[in-house]
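Respectively, the protein sequence lines represent chains A and B. The first sequence begins at 840 in this note's numbering and counts up by one. The second sequence begins at 126 in this note's numbering and counts up by one. All C-beta atoms in this analysis are idealised placements derived from N, C-alpha and C, irrespective of residue type, glycine included. What you are looking at is a predicted structure, and each value in this text was computed from that prediction instead of being measured.
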Amino acid sequence: MELKSLLQILWIVGMLCQAVLAGVLLLRRAWKTFPFFSLYFSFSFAATVFIFAIQRHRELYLYSYWLQEAVGITLGFAVVYEVFQTLFGCHPALRKLAKAVFCGVLVVLACIGITVLIKRAPLGFASFTFAILTVEEVARIMELGLLMSLFILSTTFGLHWRQQVFGIALGLGLFLAVELIAVTVRAQIGKTGHDALNVVRVVAFNTSLLIWLGYLLSPERAESSVELPHRSQLEQWNQAVMELIRQ
Amino acid sequence: MITLIVIALALGAVGLFYMAVRSRKKQSRETVRPVDLKAFRTLLDRDDEMFLKGRLPRTRFARLKRQRVSVTMRYVGRIANNASIVMRMGEGARMNADPEIAQTAAQIIELASQVRLQCLMAFAKLSLEFAIPSLQFTPAMLAPEYQKLRENVARLGKLQSANLSPVRVAI
């Protein structure tokens, strides 16, 4: 099968998944809990359908595609912020510190982004597409970096991810990681392998859709009753140290 | 070079997400582990340490201090783990229809968050002490904060049905 035909099939499969996810979001009234994610998804769904419909009109397709990417990236940042708010919402003691760390990470990522821009600029700013790809690469680095910092912070603070928030973050993270690789590679190799990269990107997006669907549909896991532990090695060590101290 | 770094970052992110999925599964099986606060306070007692420092040769004292610090770190690890579990359980209780239970749960979450922060501080201090045994950074706030958390969990246990009682006993 040709890559172009495969891409068309994957595109249609993706739209079907998006239609199902849209139904789930509507049924669950997800816009109340996750307004930015709902907006991000709705926009992405509408844009996919529109771009699919106009794919033969080359110029319109091109401008619509870049516009969709720009709005998608902006809304992606909003989703990351929403995940942050949901995760730290009920932990005011941690939120202050987490916010400071988050802002610090943002500054570091902005510096990395500027470095990437400077390093790439002399080579490729002659081409408009290359310039846009570089800007997109920088934006994706920042988005992914912020999301990674959220995962690291939640582990450090021992926070529990609720099912749906975790699904949203995981799906977005996976999509962003593949998107970052695709944009970076595409900026380097030009038009060669463009179709193959597009297949990878659409597969990644469809996988993210399945992750979102899976986590939004599965019920929140009930907390298992807390089991009392057996006396562990620690008590023995404690005993040994106490004896040593008493000596 | 930049391209390689960016690709490595993206692959690192995928690895991180995979680990997050695994740790989330593990988290649901985590259990509360009891902490002997009296023993923990003894381990943190710096008068004891001064006494040992005066009596023992330097190398022996350093060895003993490192042993003591590693046991203390295990205790801190337990406290951190328990605080994390209490936070998770408190989130469920916060949605309770009874405002008193919901309020106590909110207080517990707040306290548990503070305990987690104290644990991070304690880890940093203890790591420094492990590296340089002559240093003394007592994580003084941790034991009283944990005691407070314990009392609040006990209060919530009384307010709520029996399913929180095991935590009350265990932590």
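Beta-carbon spacing of residue i, residue j below 7 Å
i: I234 (chain B); j: K958 (chain A); result: no
i: N793 (chain A); j: G853 (chain A); result: This structure leaves residue 793 (chain A) out entirely; chain A is present only between 840 and 1086.
i: A932 (chain A); j: S238 (chain B); result: yes
i: A978 (chain A); j: V1017 (chain A); result: no
i: I204 (chain B); j: Y271 (chain B); result: yes
i: L1015 (chain A); j: E982 (chain A); result: yes
i: A187 (chain B); j: P269 (chain B); result: no
i: F967 (chain A); j: A1026 (chain A); result: no
i: I980 (chain A); j: G952 (chain A); result: yes
i: L926 (chain A); j: F142 (chain B); result: no
i: M266 (chain B); j: Q243 (chain B); result: yes
i: R241 (chain B); j: F996 (chain A); result: yes
i: W1051 (chain A); j: G1006 (chain A); result: yes
i: Q261 (chain B); j: R193 (chain B); result: no
i: F880 (chain A); j: W850 (chain A); result: no
i: Q907 (chain A); j: Y900 (chain A); result: no
i: T1133 (chain A); j: V278 (chain B); result: With chain A running from 840 to 1086 in the structure shown, residue 1133 (chain A) is simply not present.
i: V918 (chain A); j: L989 (chain A); result: no
i: C856 (chain A); j: L1055 (chain A); result: no
i: L236 (chain B); j: K273 (chain B); result: yes
i: R191 (chain B); j: F248 (chain B); result: no
i: L1019 (chain A); j: A133 (chain B); result: no
i: L864 (chain A); j: S877 (chain A); result: yes
i: M212 (chain B); j: L251 (chain B); result: no
i: V922 (chain A); j: V1004 (chain A); result: yes
i: L860 (chain A); j: D1034 (chain A); result: no
i: A222 (chain B); j: A230 (chain B); result: no
i: V157 (chain B); j: N207 (chain B); result: yes
i: T263 (chain B); j: L129 (chain B); result: no
i: R1001 (chain A); j: A1021 (chain A); result: no
The alpha helix (DSSP H) enclosing residue i, as first and last residue numbers
i: G217 (chain B); result: R183 to A218
i: V859 (chain A); result: L842 to L866
i: E155 (chain B); result: Segment: none, E155 (chain B) is in no alpha helix (DSSP H) and carries neither H nor E.
i: C1095 (chain A); result: Limits of chain A in this structure are 840 at one end and 1086 at the other, which puts residue 1095 (chain A) out of reach.
i: P224 (chain B); result: P224 to A256
i: F165 (chain B); result: L162 to L169
i: T872 (chain A); result: A869 to T872
i: S1047 (chain A); result: H1033 to L1056
i: L281 (chain B); result: L267 to L284
beta-carbon residue i near the ligand FMN non-hydrogen atom, thresh 6 Å
i: A222 (chain B); result: Looking at this structure, you won't find the ligand FMN or any other ligand, since it has none at all.
Min CB distance residue i to chain C below 7 Å
i: H999 (chain A); result: No chain C appears in the structure shown, which is made up of the protein chains A and B.
Continuous alpha helix (DSSP H) assignments of at least 4 residues falling wholly in the stretch 939 to 1007 of chain A | 967 to 995
Compile a chain-ordered list of the residues in the stretch 920 to 939 of chain A whose CB is closer than 9 Å to at least one CB of chain B.
-> C929, H930, P931, A932, L933, R934 and L936
Chain A contacts made by the stretch 225 to 252 of chain B, where a contact means CB separation under 9 Å | A231, I234, E235, L236, A237, S238, Q239, R241, L242, C244 and L245
Could you name the residues of the stretch 127 to 150 of chain B whose beta carbon sits closer than 8 Å to any beta carbon of chain A, in the order they occur along the chain?
-> I127, T128, V131, I132, L134, A135, L136, G137, A138, V139, L141, F142, A145, V146, S148 and R149
Chain B contacts from the stretch 851 to 872 of chain A (Cβ-Cβ distance under 9 Å) = none
Which whole runs of the beta strand (DSSP E) in the stretch 888 to 914 of chain A are 3 residues long or more, in chain order?
-> none
The stretch 202 to 215 of chain B: positions lying closer than 9 Å to chain A by Cβ = R203, A205, N206, A208, S209, I210, M212, R213, M214 and G215
Would you list, in chain order, the members of the stretch 986 to 998 of chain A that have their beta-carbon closer than 9 Å to a beta-carbon of chain B?
-> L986, M987, F990, I991, S993, T994, T995, F996, G997 and L998
Selection of the stretch 152 to 164 of chain B by Cβ proximity to chain A, strictly under 8 Å = Q152, S153, R154, T156, V157, R158, P159, D161 and A164
When Cβ atoms are compared, which residues of the stretch 1027 to 1040 of chain A fall closer than 7 Å to chain B?
-> Q1027
Relative to chain B, which residues along the stretch 940 to 958 of chain A have a C-beta separation below 7 Å, given in chain order?
-> V955 and K958
If contact means a Cβ-Cβ distance below 9 Å, which residues of the stretch 899 to 918 of chain A contact chain B?
-> none
Going along the stretch 166 to 182 of chain B in order, which residues come within less than 8 Å of chain A, judged by CB to CB distance?
-> T167, L168, D173 and L177
What residues in the stretch 1006 to 1018 of chain A bring their beta carbon closer than 7 Å to a beta carbon of chain B?
-> L1009, G1012, L1013 and A1016
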